[in-house]
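To keep things clear, I will list the structure first and then write my remarks on it.
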């Protein structure tokens, strides 16, 4: 699978399918597993490209802190290496901030889908979402703010699979601190500068990235559209995967009209 080096840091990505590129940029701490529910939904009609943020998965984890601007430069390097001039960017949490900043500062973004994110990280404490990969108990406990009680009770096999994936792919404590520094320092500034079509998706019960931040983000974007999913927590992409996939694919298809 391909990697590209930027400033001595190897960045991993994988790609499949044809057509316009849809690039998935993940949240702090999480490896590429987080997009398993969306990757297949877009692959085929679109070229799906999943990145590992520096510090997670098969990408290198240089010392931090990191910044959103640094992660935007990483994204540009990956897109250039993959031969992608413009992409539909789908970002979760920190990945949403990266997509938003890329839309403001580069010509690489065709559209945005921002999941469980906000225009500023000043009020976000992402620590409850983290568990050290070496501690399966901590990984399991940290899924409480990510997935609703109902989902975890009804889908225990899925929960355990996620714990297994996280033990292999997620960020170490040092890399987690470097990534969350990027969240804390980020402020999008004037949203009217982001003129690409944008779908903002949020779970109404997300306790870490509150739904009010997502709604305000959509309201502030000139071409923003907001969709919420009742009772879902931060990983709305997992517990409402079918509905989120329908919204994502429908949004992408609408851009061709």
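In our numbering, the protein residues as written are 20 to 276. Ideal Cβ positions, reconstructed from N, Cα and C, are used throughout, including at glycine.
Residue j and residue i - do their beta-carbons sit closer together than 8 Å?
i: residue 136; j: residue 110; result: yes
i: residue 117; j: residue 131; result: no
i: residue 134; j: residue 115; result: yes
i: residue 220; j: residue 186; result: no
i: residue 145; j: residue 255; result: no
i: residue 46; j: residue 112; result: yes
i: residue 242; j: residue 215; result: yes
i: residue 79; j: residue 29; result: yes
i: residue 177; j: residue 159; result: no
Which residues mark the beginning and the end of the beta strand (DSSP E) in which residue i is found?
i: residue 35; result: 28–35
i: residue 224; result: Here residue 224 belongs to no beta strand (DSSP E), and DSSP marks it neither H nor E.
i: residue 244; result: 243–248
i: residue 111; result: 106–111
i: residue 127; result: Run containing residue 127: none; DSSP gives neither H nor E here.
i: residue 180; result: Note, residue 180: premise wrong, no beta strand (DSSP E); alpha helix (DSSP H) at 175–188.
i: residue 40; result: 40–44
I believe residue i touches residue j by the beta-carbon criterion, under 8 Å. Please report the beta-carbon distance rounded to the nearest angstrom.
i: residue 50; j: residue 71; result: 6 Å
i: residue 223; j: residue 248; result: 7 Å
i: residue 54; j: residue 43; result: 4 Å
i: residue 119; j: residue 253; result: About 18 Å separates the two Cβ atoms, so there is no contact after all.
i: residue 41; j: residue 271; result: 7 Å
Between which two residues does the alpha helix (DSSP H) containing residue i stretch?
i: residue 70; result: Careful: residue 70 lies outside any alpha helix (DSSP H), inside the beta strand (DSSP E) at 66–70.
i: residue 94; result: 87–100
i: residue 22; result: Note, residue 22: premise wrong, no alpha helix (DSSP H); beta strand (DSSP E) at 22–25.
i: residue 4; result: With the chain covering 20 to 276 only, the question about residue 4 has no answer from this structure.
i: residue 193; result: 192–203
i: residue 157; result: 155–160
Quick check on DSSP: helix, strand or coil for residue i?
i: residue 260; result: helix
i: residue 234; result: helix
i: residue 77; result: coil
i: residue 136; result: coil
Checklist entry - Looking at C-beta atoms only, is the number of pairs between the stretch 56–71 and the stretch 31–39 that lie closer than 8 Å three or more? => result yes
- Would you say the stretch 70–84 touches the stretch 158–175, given that touching needs at least three Cβ pairs under 8 Å? no
Practice item. Take every Cβ of the stretch 230–245, pair it with every Cβ of the stretch 137–144, and state whether three or more of those distances are shorter than 8 Å. Key: Taking 8 Å as the limit for Cβ pairs, the verdict is that the stretch 137–144 does touch the stretch 230–245.
Practice task
State whether the stretch 92–99 contacts the stretch 120–128, with contact taken as three or more CB pairs (one from each stretch) at a distance under 8 Å.
Solution key: yes
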